[in-house]
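Chemist:
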Amino acid sequence: MLHYAPVDEDWMYPNVGEDDCAGGVAGGSHIPTTPHEQAWMFYLPRTCAHCTYPACLAACPRKAIYKREEDGIVLIDQSRCKGYGECVRACPYKKSMYNTYTRTSEKCIGCYPAVEQGIQPQCVVNCIGKIRVMGFINPPAKARADNPIDFLVHKKQIALPYYPQLGLEPNIYYIPPIHADREYLHQMFGPQVDGAIERYRDLERDPVAAGLLCLMGSTDRIMHRFKVERGKAIGYDDKGAELVQVPVTEPVIERAAFDAKLGAIRNNTP
Amino acid sequence: MIRPLFIPPGARRAAAARALPVLALCSLAALGCSGKKRKAAPPAEPPPTAIDTLVVHKVAADVSKPDPAAAYWQGLAEGEIVMTAQPMVAPRPDVATTEKVFVKAVTDGKLAAFRIRWRDPERSMAGRLGEFSDALALEFPVKTDPLPPVMMGAAGAPVHIFHWRAQYQRDHEEGKPTIATLYPNASIDMYPMEFKDQPGAHEAGREQFSPGAAVGNPQSYAKGGVDEIIAEGYSTSSVQAGSEGHAAHGDWANGEWTLVIVRPLATEGGSNLAPGQRAFIAFAAWQGGKLEVGSRKCVTMAWLPVSVQ
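Chains as they are written, first to last, in our numbering: chain A, 1 to 270; chain B, 1 to 309.
#1: Could you give the DSSP three-state label for B/K290: helix, strand or coil?
#2: Please report the residue range of the beta strand (DSSP E) in which B/P264 lies.
#3: Name the one or two DSSP bridge partners that A/S105 has.
#4: For the region 47-64 of chain A, which residues have a beta carbon sitting closer than 7 Å to at least one beta carbon of chain B?
#5: Taking only beta-carbon atoms, is A/G85 less than 8 Å away from chain B?
#6: Can you confirm whether B/V159, when its beta carbon is compared against all beta carbons of chain A, has any partner nearer than 8 Å?
#7: Could you tell me whether any Cβ in chain A is nearer than 8 Å to the Cβ of B/R128?
#8: With 16 other CB atoms within 10 Å as the buried threshold, where does A/G28 fall?
#9: Check for me: the beta strand (DSSP E) holding B/T107 runs from which residue to which?
#10: Using a Cβ-Cβ cut-off of 8 Å (strictly less than) and excluding sequence neighbours within five positions of A/A180, which residues of its own chain qualify?
#11: In its own chain, which residues sit with a C-beta less than 8 Å from the C-beta of A/N268, not counting the 5 before and 5 after it?
#12: Would you check if the distance between the CB atom of A/T102 and the CB atom of B/P211 is smaller than 8 Å?
#13: Give me the chain B residues within the contact set of A/E116, using Cβ-Cβ distance strictly less than 8 Å, ordered along the chain.
#14: With distances taken between CB atoms, is the gap from A/R201 to A/I178 smaller than 8 Å?
#15: Quick one: what does DSSP say A/K67 is sitting in, helix, strand or coil?
#16: Relative to chain A, which residues along the region 212-238 of chain B have a C-beta separation below 7 Å, given in chain order?
#17: Along chain A, in chain order, which residues have C-beta atoms closer than 7 Å to that of B/L182?
#18: In three-state DSSP terms, what is B/W303?
#19: Verify the CB distance criterion: does B/G294 have a CB-CB separation below 8 Å to chain A?
#20: Would you tell me roughly how many angstroms separate the C-alpha atoms of A/A233 and A/R182, rounded to the nearest one?
#21: Excluding the five sequence neighbours on either side, which residues of its own chain have a C-beta within less than 6 Å of the C-beta of B/S34, listed in chain order?
#22: Does the beta carbon of A/W11 come closer than 8 Å to any beta carbon on chain B?
#23: Count Cβ pairs between the region 51-58 of chain A and the region 81-92 of chain A that sit closer than 8 Å; are there 3 or more?
#24: Considering only residues of the same chain and omitting the five flanking positions on each side of A/C81, which have a CB-CB separation below 6 Å?
#25: Hey, A/A210 and A/K156 are a contact pair by Cβ (cut 8 Å); roughly how many whole angstroms apart?
#26: Give a yes or no on whether the C-beta atoms belonging to B/G270 and B/V106 are separated by under 8 Å.
Laid out in structure tokens, this is it:
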């Protein structure tokens, strides 16, 4: 993908084949147990990773791409871009895209107007699985255990950047899927993936980590600190004000399958 | 501030319409005279020669209409200019796709017209993804003493560029292509653009999704043929407002472009040409079909002196 210039067909069907079987399946076979040795798949949301060393920025002969000092968001200056497509070619993750109508290249803006207001990007806020969190990471030597991103990346080491071997230091960290093929995961997330999966499996014995996972998707504000105490996880903004408080373990309430009062059957739909 | 030369948009079409009956008369005359279909041989053109100065010949004709076939070009010496693959700034092209351009220049005392001819095996006008436009640029120093660096000038030593693109010419002649023109079968489920399954779409709705146009990027508007650019070093080129009306017209035939770019002799804040005055020119060419764009281009490596008659 490095220096590959995508063609129309690449953009027309960006996910074609991704939900299809990549190999043959013997007739009558089934998936007996997990881990899924026979079949595996996972989804990976791939927005712009606002790399620490962005290839798009380096490739732009017009110097129309910049990385913001205040939040690290990488932007294409829409008033200076001339649509040469060098960034489209250079980004190995293929995150900038030439718009044939505006004749400029465009990319994810990291929802910077929201981030400037202390609000997390739309892809985080709207994630129905509540599996995303956005925050500010510190260098390893300055990592703080109460910073949600430092905690996941540096302290617990369960979240990894994808294709780190490209050297751009992408700033999206993924908790790798545990059931997918290891060889594939090694290629995608590097040699640390085994340890990350091991530590993730052990997470249920860590109430602080469990608390942080509960905080994900529980506030649209950017969490700068968090703490877990007495069964509650609490998120704080940059000024130390409390943003949200959630129970680490949701109370279990058992109810009859049929609600006689409403005359309705209850579905166990989260 | 550069004073642009403005050609009314309808002028070129009107002139083209006038030209038709004249052509018809000519062919009738040819039939009537000899009774035999025989083309009159064009006057022999002197072969292009290497030059150390580009002479801008004074002609007694209005040169405001960019016409590669105008009579005043006939018989003028054509200068042969050697080009090389842009060697200074990455990304660089691997090979010199445009090895030479052939140039003639005329003036009517107010305007200067440059006729540039170069080999380009395919006509490319960009549009869809991964397509780039054939293009040519004339570069002039804003000040000639000392001369700015020939490659895009330097801070405090600007250069003045007239950048023609086949894509811009198509905008001027046929209108800026829409997504529906570029991708007739495009279909999408949410943006209110002009796609075939969005009958209620309107222009204002589409413009909402054009951030380039919203911040006034000249790139995102329909073009007139030539961008007038001022640059003070690599990466600094900026299109001057109001340069859309500049006149240029290129014809592509048999693997060759013949292009005329017209510019005023005198500009405010830009480069100036005048009889007896020190002046220089440099060239750059892009072959869209070879994916050339931006710094992937062929250039002349030194300023060529210009002598205005």
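Glycine is no exception: its CB is placed at the ideal position from the N, C-alpha and C atoms.
Nothing here was measured: the structure is a model prediction, and the numbers come from that model.
Modeler: Let me lay it out:
#1: In this structure, B/K290 counts as helix in the three-state DSSP scheme.
#2: Start and end: 256-264.
#3: A/Y98.
#4: Using a CB distance below 7 Å, the part of the region 47-64 of chain A facing chain B consists of P61, R62, K63, ordered along the chain.
#5: Interface residue (Cβ-Cβ distance to chain B less than 8 Å): A/G85 is classified as such.
#6: No, because no Cβ of chain A sits closer than 8 Å to the Cβ of B/V159.
#7: It does: the Cβ of B/R128 has a partner Cβ on chain A nearer than 8 Å.
#8: A/G28 should be labelled exposed.
#9: Note, B/T107: beta strand (DSSP E), 100-107.
#10: The answer, listed in chain order, is W40, M41, F42.
#11: If we look at A/N268 and ignore the five residues flanking it on each side, it has no Cβ neighbours.
#12: Result yes, Cβ atoms of A/T102 and B/P211 sit closer than 8 Å.
#13: Identification of chain B residues near A/E116 by a Cβ-Cβ cut-off of 8 Å yields none; the smallest Cβ-Cβ distance measures about 17 Å.
#14: Yes, the pair counts as a contact, with Cβ atoms nearer than the cut-off.
#15: DSSP, reduced to helix, strand and coil, places A/K67 within a strand of the structure shown.
#16: Flagged, chain order: G212, A213, V215, G216, N217, Q219, S220, S235.
#17: By Cβ distance, chain A contributes T100.
#18: If DSSP states are grouped into helix, strand and coil, B/W303 belongs with coil.
#19: Yes, its Cβ sits closer than 8 Å to a Cβ of chain A.
#20: Straight-line Cα distance between these residues: approximately 33 Å.
#21: Note on B/S34: pLDDT 41, under 50, position unreliable in the model; no value is reported.
#22: Contacts with chain B at 8 Å (Cβ-Cβ) include A/W11.
#23: Flag = yes, the region 51-58 of chain A and the region 81-92 of chain A touch.
#24: These residues qualify, in order along the chain: A64, T104, S105.
#25: Between A/K156 and A/A210 the Cβ distance is about 11 Å, and since that is not below 8 Å, they are no contact.
#26: Result no, Cβ atoms of B/G270 and B/V106 do not sit closer than 8 Å.
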